[in-house]
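>
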Amino acid sequence: MADAKVVSPHEILVEGALPADATAIRLVRSSDADIPLAVVSVKPAAQANSFVLTTSETLNSQDHYQLTAKGVDQPWEIAPSPLALVISVIIGSALINNFVFTRYLGLCVFFGVSRNKDTAIGMGVTFTIVGLLSGMIAWALNTFALVPLKLEFMQIIAFIGVVACLVQATDLILKKVNPMLHKKFGIYLVLITTNCIILAVPLLNATSGATMLQAFGLSLGAGLGFALALFLMSCAIEKVNMAPVPVVFRGLPIAFIIAGLFALSFLGFSGLKVA
Amino acid sequence: MSEHRTPPPVSTMLMRGLFEENPIFRLALSLCPAVAVTTSVKNGLMLGVAVLVVQVLSSMSGSLVKHIINPKIRIPVFTLLIAIWVSAIDMILAAYFAAVYQEVGLYVKLIVAFAIIISRMELFSMKHSVVPSFWDGLGMGLGFLAGMVLAGAFRELLGNGSIFGIALVPFKPLLLVVLPAGGFFTIGLIMALFNWVDVKRGHKLPAGGGGAHG
Chain Y
1 MADAKVVSPH
11 EILVEGALPA
21 DATAIRLVRS
31 SDADIPLAVV
41 SVKPAAQANS
51 FVLTTSETLN
61 SQDHYQLTAK
71 GVDQPWEIAP
81 SPLALVISVI
91 IGSALINNFV
101 FTRYLGLCVF
111 FGVSRNKDTA
121 IGMGVTFTIV
131 GLLSGMIAWA
141 LNTFALVPLK
151 LEFMQIIAFI
161 GVVACLVQAT
171 DLILKKVNPM
181 LHKKFGIYLV
191 LITTNCIILA
201 VPLLNATSGA
211 TMLQAFGLSL
221 GAGLGFALAL
231 FLMSCAIEKV
241 NMAPVPVVFR
251 GLPIAFIIAG
261 LFALSFLGFS
271 GLKVA
Chain U
1001 MSEHRTPPPV
1011 STMLMRGLFE
1021 ENPIFRLALS
1031 LCPAVAVTTS
1041 VKNGLMLGVA
1051 VLVVQVLSSM
1061 SGSLVKHIIN
1071 PKIRIPVFTL
1081 LIAIWVSAID
1091 MILAAYFAAV
1101 YQEVGLYVKL
1111 IVAFAIIISR
1121 MELFSMKHSV
1131 VPSFWDGLGM
1141 GLGFLAGMVL
1151 AGAFRELLGN
1161 GSIFGIALVP
1171 FKPLLLVVLP
1181 AGGFFTIGLI
1191 MALFNWVDVK
1201 RGHKLPAGGG
1211 GAHG
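So the protein sequences, as listed, match chains Y and U. Heads up: the first sequence runs through residues 1 to 275, numbered per the numbering used here. Heads up: the second sequence runs through residues 1001 to 1214, numbered per the numbering used here.
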């Protein structure tokens, strides 16, 4: 199939033969195929056998489009490149919508293990790996079993089952295969079951009807974002422990104030976008 | 097999959840919803009631089945019990309170992962029979509900100048409070307030500062 991609907010670069008449071309978003987007002009591009379409509406390079033209049998599918999609989902879930600071998830574990850097790193690594695994298994279970069988109302039970089994299994396997590693990370495994992020990821994937790549990106991004938040927090807490904090604020209250300041600074990421 | 212990009096079990072991401000468990959905009293109240119901039902059912489950797999079994009740509450709320559910839906589903519920089953229901478990669950649930409403009222009043959607002042005093960061500040300040009251009443704060980590 010939290639086509969104090159700028109002332009699409199309490879292949196109009629020069703009009215013979029909461009729609794949999500609502009934509403055509007006094509203003068709011009030959710098490369041979390519054309540049100009549209009046703003295009989004993350969106899917379909392009058909009179006299041309094959339609063009315009989709973002998989890598760009994954990276944008990862950055979105790790920084822009950080699970800890803007979605307030996983706070119990977050405040519990952010007291020193070593535990923060241990938890961050364990969580990222287990989170990615459980995210993908839950996505597969939802897409291939729950949705076709119309069992969506079982989502909560199924997903928490996946998490609980995976945590138990990882614990057992790690204990047999690498007791040293188990000694170091085993304690964090138990804590993962009560971390809401690990359950929120499959639920968010299921609600948004994510593709496999999106589910992969969200699971990985959630883990990385959680690890980043833990590490930042543990660095701050280690400093605060040496400061003269007022008695009533010692311990958790000051930790919350610090988390609030981090949350404020994470608002700055909201303008970030993968082009 | 766990043996039954004599449960403490009902009043103790109820008050413990509300003050000494308040799930949010003292035990620091189930913090995610406390920060996330307390942007208004209504949201806080709804999630609080959901948690109260799930807590009571899970505590009671946990206490019922404690003799027939192998202690080694009690955590997965408890989790599944909670998941069943949460699914039921989730569907009820989605059907009858669609407007509020739109805002707090994700957090209702996430009640499954709230540490407070499973920790009460572990600490209390495993050792006591059904009726005391009911009172313990009720006390903890009420403590959570009270915390949610308190934080919700504080944030709605300061952030929107209203309580329960009824405007009290015609302007928005401090918009920061309803922003993501404001949730953290609010909970931190209320925790500090709990500590301050404790110090005034002559209690000593625990060594690591107020609030035990969960």
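Backbone N, C-alpha and C define an ideal beta-carbon position, used for all residues, glycine too. In this text the structure is predicted, and so the values were computed from the model without any measurement.
Based on DSSP bridge pairs, tell me the residues matched to residue 239 of chain Y.
Paired residues: none, contrary to the question.
> Between the alpha carbons of residue 232 of chain Y and residue 123 of chain Y, how many angstroms are there, rounded?
13 Å
> Applying the 10 Å Cβ sphere with the 16-neighbour rule, what's the burial state of residue 1201 of chain U?
exposed
> Helix, strand or coil: which one does DSSP assign to residue 219 of chain Y?
Of the three classes helix, strand and coil, the one that applies to residue 219 of chain Y here is helix, per DSSP.
> Report yes or no: is there a C-beta of chain Y within less than 8 Å of the C-beta of residue 1209 of chain U?
Note that residue 1209 of chain U scores 44 on pLDDT, short of 50, meaning its location in the model is unreliable; the coordinates nonetheless yield the value given after this. Yes, because at least one Cβ of chain Y sits closer than 8 Å to the Cβ of residue 1209 of chain U.
> On the criterion of 16 or more Cβ atoms from any shown chain inside 10 Å, does residue 1209 of chain U qualify as buried, or is it exposed?
In this prediction, residue 1209 of chain U has a pLDDT of 44, which is less than 50 and means its spatial position is unreliable; nothing more can be read from the coordinates.
> How long is the line joining the alpha carbons of residue 60 of chain Y and residue 1106 of chain U, rounded to whole angstroms?
28 Å
> If the cut-off is 7 Å on Cβ atoms, which residues from the stretch 112 to 137 of chain Y count as contacting chain U, listed in chain order?
112
> Just the chain U side, please: which residues come within less than 8 Å of residue 195 of chain Y by C-beta, in chain order?
Chain order gives the chain U residues near residue 195 of chain Y as 1113, where near means a beta carbon separation below 8 Å.
> Can you give me the start and stop residues for the beta strand (DSSP E) that residue 104 of chain Y sits inside?
No beta strand (DSSP E) contains residue 104 of chain Y, which DSSP labels as neither H nor E.
> Just the C-alpha distance for residue 184 of chain Y and residue 1112 of chain U, rounded to the nearest angstrom, thanks.
27 Å
> I'd like to know whether the C-beta atoms of residue 217 of chain Y and residue 90 of chain Y end up nearer to each other than 8 Å.
yes
> Determine which residues of the stretch 1094 to 1112 of chain U have a Cβ less than 8 Å from any Cβ of chain Y, and write them out in chain order.
Within the stretch 1094 to 1112 of chain U, the residues whose Cβ lies closer than 8 Å to some Cβ of chain Y are 1106, 1109, 1110, 1112, listed in chain order.
> Going by DSSP, which residues form a beta bridge with residue 27 of chain Y?
Y/37, Y/67
> Decide yes or no for the touch test of the stretch 124 to 142 of chain Y against the stretch 1044 to 1051 of chain U: beta carbon pairs closer than 8 Å, at least 3 of them.
Result no; under three Cβ-Cβ pairs closer than 8 Å.
> Compare the beta carbon distance of residue 1053 of chain U and residue 1089 of chain U with 8 Å and say whether it is the shorter of the two.
yes
> From what residue to what residue does the alpha helix (DSSP H) around residue 129 of chain Y run?
117 to 141
> Tell me whether the stretch 233 to 249 of chain Y and the stretch 158 to 173 of chain Y touch, counting them as touching only if at least three CB pairs, one residue from each stretch, are closer than 8 Å.
no
> Report yes if the C-beta distance between residue 1144 of chain U and residue 1051 of chain U is below 8 Å; otherwise report no.
With contacts defined by Cβ atoms closer than 8 Å, residue 1144 of chain U and residue 1051 of chain U form a contacting pair.
> Would the C-beta of residue 1164 of chain U count as close to the ligand COA, meaning under 7 Å from any of its heavy atoms?
With respect to the ligand COA, the structure shown offers nothing to examine, as it has no ligands at all.
> By Cβ distance, which residues of its chain are closer than 6 Å to residue 1176 of chain U, with the 5 residues on each side in sequence left out?
If the five residues before and after residue 1176 of chain U are omitted, its C-beta is found closer than 6 Å to the C-beta atoms of 1182, all from its own chain and listed in chain order.
> Of the residues that make up the stretch 1191 to 1203 of chain U, which ones have a beta carbon closer than 7 Å to any beta carbon in chain Y?
1191, 1192, 1195, 1196, 1199
> Determine the contact status of residue 45 of chain Y and residue 221 of chain Y, defining contact as a CB-CB distance below 8 Å.
No, they are not a contact pair.
> Taking the alpha-carbon of residue 14 of chain Y as reference, which of Y/38, Y/51, Y/41 has the nearest alpha-carbon?
Checking every option, the nearest Cα to that of residue 14 of chain Y belongs to Y/51.
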